[in-house]
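For reference, the structure is listed below as structure tokens.
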Amino acid sequence: MTYFLGLDLGTSAVKALLLSGEPTAEVRSYSVPLSLSTPRPGWSEQDPGDWWQASVRAIRELLSRTGTDAAEIQGIAVSGQMHGATLLDEAGHVLRPCILWNDQRSGAECDWITGRVGLDTLLEWVGNPALAGFTLPKLLWVRRHEPAIYSRIRTVLLPKDYLNFRLTGRLATDVSDASGTLLFDVAHRCWSEPLAQAVDVPTSWFPAALESTEVVGQVSADAADASGLHPGTPVVAGGADNACAAVGTGVVRTGQVLASIGTSGTLVAPMSEPRVDPAGRLHTFCHAVPDTWYAMGVVLSAGGSLQWWRSILFPGDEKNQTDAGYGAMLEGASRVPAGSDGLIFLPYLTGERTPHGDPDARGAFFGLSLRHGRDHLTRSVLEGVSFALADSADLMRALDVPLHTVRTTGGGAQSPLWREILASLLGSRVLTALTDSGPAFGAAILAGVGTGQWASVAEAADALVHITKETPPDEYLQGVYSGYHRLYDRLYPSLAGDFAALARLAENGDRR
37 MTYFLGLDLG TSAVKALLLS GEPTAEVRSY SVPLSLSTPR PGWSEQDPGD WWQASVRAIR
97 ELLSRTGTDA AEIQGIAVSG QMHGATLLDE AGHVLRPCIL WNDQRSGAEC DWITGRVGLD
157 TLLEWVGNPA LAGFTLPKLL WVRRHEPAIY SRIRTVLLPK DYLNFRLTGR LATDVSDASG
217 TLLFDVAHRC WSEPLAQAVD VPTSWFPAAL ESTEVVGQVS ADAADASGLH PGTPVVAGGA
277 DNACAAVGTG VVRTGQVLAS IGTSGTLVAP MSEPRVDPAG RLHTFCHAVP DTWYAMGVVL
337 SAGGSLQWWR SILFPGDEKN QTDAGYGAML EGASRVPAGS DGLIFLPYLT GERTPHGDPD
397 ARGAFFGLSL RHGRDHLTRS VLEGVSFALA DSADLMRALD VPLHTVRTTG GGAQSPLWRE
457 ILASLLGSRV LTALTDSGPA FGAAILAGVG TGQWASVAEA ADALVHITKE TPPDEYLQGV
517 YSGYHRLYDR LYPSLAGDFA ALARLAENGD RR
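Count along the sequence shown starting at 1, add 36, and that's the number in the numbering used here.
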């Protein structure tokens, strides 16, 4: 039997997935949870060593539970959370915990970059504005606040590239992940020397950027001993989680759209050429498919908002902290009318990315009254996240990016109610694939393409991705949500100044 291993480094877990190369394309997986450190409000960090240990455990458990001979694995690829700044010294040792994608501490550095270079020039050079989630502002934060660590940096890796380094001993990244650093010329698929010089950060710290289907190296003897993998197994570059999720759901051509509702929420639409929103509200990134790009909108707290709300409802309740707890919440929400009886949720629990790009933005329930119970609040969370994703769709349409059919992935996509809300707000059919393993599945496909099992990513996606459910827009819901969506869009501009004032008050309180 021939297998391909996809490894997905998420925020909350590492998932190892085996994809068979046979016509049946059997899929089996195993996940190991990860913890998150939040030393201060708005900060988010993880220890890269924990990623490796979780990966080793996930791989060993998967091989053991499936009885798979590691020699049957013909290729490996890793998908990972984007933007994280993993800093290595000259010996390849990690210098500090990785500052993650949803960390908002570098707002001042973003302002400095924009002031030094100008928004229009940033969009010309790297296709994206300076946002706190990106890698470059994090580096400048370290330079300003941790100069002793900054002086020892010799390599900057993205999270999944650290796992490739541990697997192979080779330093490399791929174009889809590099796109989210703010130091990558997305249009030309290379590092931006002009921006690096403007901010005085050496591009020598950043490894070669390969296409996602290129081979990085082979599993080393040390990595094989730790993980149970076969030494010499090819490791393909892999890609950013959103790009891999798109591959894993078959979103590899223009007109197809991926709506992912994991910890964050994303809307991803492939493009045959890079198109940039003139105000920088959307991301323009390289796809894991060669000669393809995608436009992306991001909601930083999508499924994360529902997870937060569940933790409020059921603190310390182990029974309701399982998937059963989600099921009960969503069943209750389904009994609440559309619009949650006049309640709107702003999902800015960790700041926001699209369309506002505001690290100070915070969550809110607007319209609370005595008539509202927990089921109303649950439904308003689903609706608020969906309003935010619909804002991204509106921006894409303004760029003439075609949005014909939507495919879903992530935990939130398992909810029929959430899919119905999303289909109605996006005005498109929402399709669900048989395998909802998202980025890990996409990474396994890239491993197969990179080692010659399939001739192209599109060919592999056509053969392996099978649609099993279709959720059409609901005309009644569309009518109800049109007014609520307009009101939702007016709330952020009304509160933006107050969000900034609140952030200053909270920062002053932290200094006691």
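Note that CB positions come from ideal geometry on N, CA and C, so glycine has one too.
On the DSSP bridge assignment, give the partners of residue i in chain order.
i, result
"P84", "Answer by DSSP bridge pairing: none, since P84 is not bridged."
"M332", "V304, H319"
"Y39", "S56, I109"
"V63", "L55"
"C146", "Answer is none; C146 lacks a bridge partner."
"E388", "D394"
"D472", "BP columns for D472 are empty, so no partner."
"T191", "L124"
"T269", "In the DSSP output, where bridge partners are listed per residue, T269 has none listed."
"C134", "Q82"
Please look up how many angstroms separate the CB atoms of residue i and residue j, rounded, as I've assumed it's under 8 Å.
i, j, result
"N200", "V271", "6 Å"
"L453", "S341", "L453 to S341, Cβ: 15 Å. No contact."
"V288", "A497", "5 Å"
"W87", "M118", "Actually they do not touch by this definition, with Cβ atoms about 14 Å apart."
By the 10 Å Cβ neighbour count, where 16 or more other Cβ atoms means buried, how is residue i classified, buried or exposed?
i, result
"T269", "buried"
"D313", "buried"
"T249", "buried"
"K505", "exposed"
"L207", "buried"
"R540", "exposed"
"P306", "buried"
"I109", "buried"
"A127", "exposed"
"S212", "buried"
"T47", "buried"
"H319", "buried"
"E456", "buried"
"G533", "exposed"
"A295", "buried"
"L439", "buried"
"D210", "buried"
"E388", "buried"
"L303", "buried"
"G169", "buried"
To the nearest angstrom, how far is it from the Cα of residue i to the Cα of residue j?
i, j, result
"T38", "A214", "30 Å"
"S71", "R398", "23 Å"
"S308", "D327", "7 Å"
"E62", "L98", "14 Å"
"L527", "G420", "12 Å"
"A315", "G301", "21 Å"
"L500", "W490", "11 Å"
"S323", "G409", "Reading off the sequence, residue 323 comes out as His, not Ser. Rounded to whole angstroms, H323 to G409 spans 43 Å at the Cα level."
"D261", "G484", "23 Å"
"L458", "Y517", "11 Å"
"G286", "E247", "18 Å"
"V222", "H412", "42 Å"
"S56", "W148", "49 Å"
"S416", "T507", "20 Å"
"R433", "G333", "12 Å"
"D197", "S73", "21 Å"
"L124", "Y186", "10 Å"
"W329", "P310", "6 Å"
"Y512", "P373", "11 Å"
"A429", "S530", "22 Å"
"L158", "Q140", "20 Å"
What do you reckon, are the CB atoms on residue i and residue j nearer than 7 Å?
i, j, result
"L172", "L219", "yes"
"I297", "A338", "yes"
"G216", "V114", "no"
"P183", "T122", "no"
"V178", "F242", "no"
"T444", "V466", "yes"
"G120", "A479", "no"
"A494", "L462", "no"
"V283", "I503", "no"
"V335", "P395", "no"
"G393", "Y520", "no"
"S473", "V442", "no"
"C134", "Q89", "no"
"T204", "S256", "yes"
"V251", "G486", "yes"
"S228", "V162", "yes"
"L45", "G116", "yes"
"I95", "A144", "no"
"L175", "V237", "yes"
"C33", "P475", "The structure shown has nothing for residue 33, since the chain only spans 37 to 548."
Return yes when the C-beta of residue i is under 6 Å from any heavy atom of the ligand NAD, and no when it is not.
i, result
"A480", "Of ligands this structure carries none, so the ligand NAD is not represented either."
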